[in-house]
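In what follows, a single structure is set out as structure tokens and then discussed.
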Amino acid sequence: MSQDREIIKSLTTLTEQLAHVQLLAAQNQGNAQVTAMPDLSASIPAFSGTAIAGTGARESAREWISNVKMVAGQAGWRDGVVFAVAASKLSGTALKWHRARGKQLETWEKWAEELQKVFPDDESNPLAFYEGMLRRTQGPRESVVDYFFDKSYLCTKCDVKEDTSEWKNLIIAGLQNANHAAILRLKAASFTTSLELLEAAKSLEAGEEAYLSSHGSHRPPSQGGSKRVSTTPEGVETKPKQIAHGSAERAAEPKCYRCRKYGHVVKDCPMPVHRTNNETTKLGAGQPSQYVSASSSSELPNIKYVKTAVVNQKSYDALVDTGSSVCTIKASDAMGCCSCFEEDNLELYGFGQSPVKCLSRFRTTIEIDGVKGENVMLHVVPDTAQHFSVIIGRTWTELPNIAYVKVDDTFKIMDKRDDTFGHLEPFTKTKP
Numbered sequence: 001m002s003q004d005r006e007i008i009k010s011l012t013t014l015t016e017q018l019a020h021v022q023l024l025a026a027q028n029q030g031n032a033q034v035t036a037m038p039d040l041s042a043s044i045p046a047f048s049g050t051a052i053a054g055t056g057a058r059e060s061a062r063e064w065i066s067n068v069k070m071v072a073g074q075a076g077w078r079d080g081v082v083f084a085v086a087a088s089k090l091s092g093t094a095l096k097w098h099r100a101r102g103k104q105l106e107t108w109e110k111w112a113e114e115l116q117k118v119f120p121d122d123e124s125n126p127l128a129f130y131e132g133m134l135r136r137t138q139g140p141r142e143s144v145v146d147y148f149f150d151k152s153y154l155c156t157k158c159d160v161k162e163d164t165s166e167w168k169n170l171i172i173a174g175l176q177n178a179n180h181a182a183i184l185r186l187k188a189a190s191f192t193t194s195l196e197l198l199e200a201a202k203s204l205e206a207g208e209e210a211y212l213s214s215h216g217s218h219r220p221p222s223q224g225g226s227k228r229v230s231t232t233p234e235g236v237e238t239k240p241k242q243i244a245h246g247s248a249e250r251a252a253e254p255k256c257y258r259c260r261k262y263g264h265v266v267k268d269c270p271m272p273v274h275r276t277n278n279e280t281t282k283l284g285a286g287q288p289s290q291y292v293s294a295s296s297s298s299e300l301p302n303i304k305y306v307k308t309a310v311v312n313q314k315s316y317d318a319l320v321d322t323g324s325s326v327c328t329i330k331a332s333d334a335m336g337c338c339s340c341f342e343e344d345n346l347e348l349y350g351f352g353q354s355p356v357k358c359l360s361r362f363r364t365t366i367e368i369d370g371v372k373g374e375n376v377m378l379h380v381v382p383d384t385a386q387h388f389s390v391i392i393g394r395t396w397t398e399l400p401n402i403a404y405v406k407v408d409d410t411f412k413i414m415d416k417r418d419d420t421f422g423h424l425e426p427f428t429k430t431k432p
């Protein structure tokens with residue numbers, strides 16, 4: 001009987017303890033946390049063994065295998081699991097190889113070794129890989145972010161150090177929008193990190209999208225950005241640019257602005273010319289100080305107004321246009337004579353039906369016919385905006401020391417401080 005009492009007492013104690021545990025569990029139920037391990041296999045990219053889009057360079061099997069091993073180590077997978085996960089990530093040619101040959105291999109190590117033999121790295125041929133990297137450009141529907149990181153990866157594989165001038169130029173050269181590339185090239189020296197370059201490119205892309213949206217226009221599906229426009233006149237054969245030796249001597253030679261070749265002037269040019277009347281567009285309302293004359297490749301002005309302008313010891317074909325309020329220079333030519341640019345948001349009218357926004361600007365000395373105009377603001381415009389390398393406007397022609405004389409077919413720039421003008425009396429307006 002006493003034994004039964006002890007058993008009952010023990011059961012009662014256990015029941016009370018169990019009730020107490022249940023009470024504590026109920027009180028803490030709201031604070032319970034459940035932790036689940038992430039699916040690390042999702043971080044392994046697919047491998048096809050084919051060329052990387054836009055480059056011609058093949059995917060790296062060695063690098064892909066290394067990535068699989070790293071993930072397997074983090075997840076603690078056995079070799080059998082690694083084998084199965086890796087095989088599930090194959091596609092294209094690599095998947096066909098696995099079906100025909102790979103699945104017959106017994107171990108993960110043999111499979112990985114065989115895969116790298118079948119799909120060797122292009123890095124064994126550095127020149128071919130570098131050429132593939134150069135061919136990598138932004139696709140029609142590709143965002144600047146996707147292009148940026150993919151091209152950066154290829155540059156790194158070619159031992160091009162990030163944030164160097166070479167790296168920046170390679171990234172910028174592959175952009176689809178030529179105007180965006182010109183702007184970034186002018187500002188490249190100011191970017192101290194790769195992310196600064198990316199942010200600037202994203203800002204330009206967003207600005208273009210906002211402009212197209214506000215004007216009720218959209219990109220055609222086949223185009224991801226502004227179309228690259230050739231500035232070469234029709235019928236002119238183009239050749240790759242070469243670095244010429246003795247540039248100082250070449251600058252002294254006469255250059256024809258029509259065919260852009262040295263050794264003769266335009267009046268002796270053998271290229272046929274189809275002349276049309278040179279017209280300028282109507283001045284934008286409220287923009288009297290932002291006017292420049294339009295000059296396309298099919299509108300050739302009077303030859304006498306075409307001069308050779310020397311900017312920072314570089315010679316360019318220039319059109320002297322007293323109707324233009326400012327002086328402008330093509331972006332590609334600006335890069336050859338200046339390395340330090342200022343921000344410029346000026347919009348110029350006269351380049352067609354819509355205004356042209358300046359890319360940048362800089363102050364310099366411009367010399368024509370041996371006469372120098374100093375501290376002149378030169379605005380940088382897209383290459384497609386004007387035919388001539390430089391347009392000389394009133395910010396140069398109206399300098400205190402500049403004078404010009406036109407007699408018949410002769411147009412001459414002269415210095416007012418010369419004795420030729422010593423006898424001229426200053427002009428003063430008198431009231432009637």
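In the UniProt record's numbering, the protein residues as written are 1 to 432.
Even glycine gets a Cβ: it sits at the ideal position worked out from N, Cα and C.
These figures come from a predicted structure and were not determined experimentally.
Beta-carbon proximity list for residue i, same chain, < 6 Å, skipping 5 on both sides
i, result
"K357", "E347"
"I65", "A112"
"V310", "E367"
"V160", "E166, W167"
"C338", "F362"
"D415", "V371, N401"
Continuous alpha helix (DSSP H) stretch holding residue i: start and end
i, result
"D150", "144-157"
"G92", "92-100"
"D79", "79-88"
"E109", "108-118"
"K187", "178-187"
"N312", "Here N312 belongs to no alpha helix (DSSP H), and DSSP marks it neither H nor E."
"K168", "165-173"
Status (buried if at least 16 other CB within 10 Å, exposed otherwise) for residue i
i, result
"G73", "exposed"
"G132", "buried"
"I303", "exposed"
"F388", "buried"
"S88", "exposed"
"Q104", "exposed"
"A285", "Low local confidence applies: a pLDDT of 37 at A285 is under 50, so the model's placement there is unreliable, with the coordinate-based value given in what follows. The residue is exposed, with fewer than 16 neighbouring Cβ atoms inside 10 Å."
"V145", "exposed"
"W396", "buried"
"Y262", "exposed"
"V381", "buried"
"L195", "exposed"
"E316", "This sequence places Tyr at residue 316; Glu is not what is there. Counting Cβ neighbours within 10 Å, Y316 comes out buried, since at least 16 surround it."
"D321", "buried"
"residue 435", "Here the chain comprises residues numbered 1 to 432, so residue 435 is not present and cannot be evaluated."
"A385", "buried"
"R101", "exposed"
"S360", "buried"
"Y130", "buried"
"E59", "buried"
"V407", "exposed"
"S325", "buried"
"A248", "Confidence is the limiting factor: at A248 the pLDDT is only 44, short of 50, which leaves the residue's position unreliable, though a coordinate-based value still follows. With fewer than 16 Cβ atoms within 10 Å of its Cβ, A248 is classed as exposed."
"F149", "exposed"
"A42", "exposed"
"T156", "exposed"
"A210", "exposed"
"T308", "buried"
Same chain only: Cβ atoms within 7 Å of residue i, ignoring 5 sequence neighbours per side
i, result
"V68", "I44, V82, A86"
"P355", "G284, E347, L348, Y349"
"L399", "G373"
"T107", "D79"
Distance cut-off 8 Å: residue i Cβ against heavy atoms of the ligand COA
i, result
"K69", "Summarising the ligand content, the structure contains no ligands, and the ligand COA is consequently not present."
N- and C-terminal bounds of the beta strand (DSSP E) containing residue i
i, result
"G73", "Unbroken run through G73 is the alpha helix (DSSP H), 61-75; no beta strand (DSSP E)."
"N375", "371-381"
"A403", "402-407"
"T137", "Taken as a continuous stretch (DSSP letters only), T137 belongs to no beta strand (DSSP E), as it is neither H nor E."
"T410", "410-415"
"I391", "390-392"
Contacts around residue i, its chain only, beta-carbon distance under 8 Å, and the 5 residues preceding and following it disregarded
i, result
"K110", "none"
"C327", "I366, V376, M377, L378, H379, V390, I391, I392, G393, T395, W396"
"G174", "R136, T137, Q138, Y147, K151"
"R417", "N401"
"E114", "R101, G102, L105"
Q) Is the region 403-410 in contact with the region 326-338, if contact means three or more CB pairs nearer than 8 Å? A) no
Q: Evaluate the contact criterion for the region 42-51 versus the region 82-98: three or more CB pairs, one atom per stretch, below 8 Å.
A: yes
Q. What are the complete beta strand (DSSP E) segments, minimum 3 residues, inside the region 331-367?
A. none
Q: Could you tell me whether the region 181-191 touches the region 389-401, using the rule of 3 or more Cβ pairs below 8 Å?
A: no
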